[in-house]
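Have a look at the structure below before the remarks.
Numbering (the working numbering), first residue to last: 1 to 370.
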């Protein structure tokens with residue numbers, strides 16, 4: 001099946017002026033926000049004073065002497081393709097910003113693309129591999145207003161002051177959450193200028209946010225695109241239009257935009273998610289709802305104390321199993337209360353998963369159960 005690289009081979013030589021922005025373009029712009037644009041960030045002054053092209057960014061990070069970091073293995077290939085693409089290479093980028101603040105438990109990054117039709121595409125980056133970024137993700141279970149979300153509002157307001165045209169807002173993963181949040185809470189005057197808000201497999205919000213008048217105002221322009229086995233994109237509450245996309249990756253790895261199938265200039269869509277995603281949605285959200293704020297906070301603090309005790313700095317160290325045995329050993333050295341909180345909370349998660357599985361099995365028709 002085709003992916004976004006096949007799309008670039010097919011459509012990369014056609015400028016956006018000749019063929020309007022589509023969902024594959026939106027996916028590519030969202031992935032571009034993960035590129036290392038630190039070399040274009042001025043340490044002082046307004047980030048919107050900086051302008052550079054997609055080609056300049058891609059050539060810069062592809063130059064070994066600049067020692068740029070690549071978020072995903074395929075990012076290097078994408079940079080090479082975009083630098084040569086008539087569709088993307090001359091697009092101007094403004095407002096590069098990156099913030100990692102362990103004291104505030106915040107990881108935030110954004111960049112803006114200026115399209116030939118005078119629309120600005122505000123692109124929020126998702127979570128990187130830093131431990132502080134993943135801690136902030138978990139903090140979504142504790143607060144409706146995280147530091148990155150507040151910085152996303154500030155970024156949108158600064159963009160709106162510099163750009164007088166209409167605005168598109170896009171983000172992948174946590175970036176999708178930031179896109180929706182900033183679109184809703186950046187103010188009524190600004191929200192009128194927003195054409196669309198695209199959440200690519202990003203988490204949702206609490207009922208308090210979903211039911212707020214600010215969210216309701218932007219809701220008709222929100223669109224969420226998730227893969228068939230989405231996990232991240234079904235956490236917390238969502239509303240608005242949904243598109244389900246076929247993916248070549250197994251389960252959780254479908255969060256990777258490079259794995260999404262495309263058909264022509266659109267994602268290859270499906271009519272429904274698979275059963276694993278539906279079970280995960282019910283289990284995770286029921287589990288979170290079963291814990292009060294104090295229990296959530298103690299669990300998150302306990303898990304992070306465990307990670308810090310063994311010197312974990314990036315989540316990849318855990319995902320690759322690098323410190324699994326060390327982590328298990330460190331559990332025995334935690335104080336009794338912290339260890340009990342972690343064990344009890346994980347037991348509640350297992351209970352939620354079991355309940356969700358039983359519910360899903362009972363919903364199957366007799367013919368499906370055979």
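For every residue, glycine included, the Cβ atom is placed at its ideal position computed from N, Cα and C.
Using a Cβ-Cβ cut-off of 7 Å (strictly less than) and excluding sequence neighbours within five positions of residue i, which residues of its own chain qualify?
i	result
residue 370	Residue placement at residue 370 is poorly supported in this model, since its pLDDT is 43, which falls under 50; the coordinates are not used for a value here.
residue 208	144
residue 8	81 and 85
Drop a sphere of 10 angstroms on the beta-carbon of residue i, count the other beta-carbons inside from all chains shown, and report buried for 16 or more, exposed for fewer.
i	result
residue 64	exposed
residue 292	exposed
residue 27	buried
residue 224	buried
residue 281	buried
residue 149	buried
residue 49	exposed
residue 337	exposed
residue 87	buried
residue 266	exposed
residue 362	exposed
residue 182	buried
residue 96	buried
Going by CA-CA distance only, name the one from the options that's closest to residue i.
i	options	result
residue 172	185, 124, 237 and 300	124
residue 289	345, 326, 257 and 263	345
residue 238	285, 129 and 153	285
residue 354	99, 283, 54 and 46	283
residue 275	314, 313, 302 and 227	227
residue 170	44, 10, 162 and 152	152
residue 232	214, 252 and 217	252
residue 247	260, 240 and 236	260
Going along the chain, which residues of its own chain have a beta-carbon closer than 6 Å to the beta-carbon of residue i, five neighbours each way excluded?
i	result
residue 68	36 and 61
residue 168	119, 121, 195 and 196
residue 193	166 and 167
residue 160	190
residue 349	287
Would you list the residues sitting across from residue i in a DSSP beta bridge?
i	result
residue 112	94 and 122
residue 168	121 and 196
residue 149	In DSSP, residue 149 forms no bridge with anything.
residue 100	107
residue 243	225
residue 130	314
Short of 8 Å in beta carbon distance, which residues of its chain neighbour residue i, apart from the five on each side in sequence? Order them along the chain.
i	result
residue 296	141, 142 and 288
Does any CB atom of chain D fall closer than 8 Å to the CB of residue i?
i	result
residue 144	Annotation note: the requested chain D is absent from the structure, which comprises a single protein chain.
Inset, instruction - Return the chain-ordered ranges of every alpha helix (DSSP H) run that is complete within the stretch 4 to 82 and spans a minimum of 4 residues. - result: Complete alpha helix (DSSP H) runs here, min 4: 4 to 11, 23 to 32 and 54 to 62.
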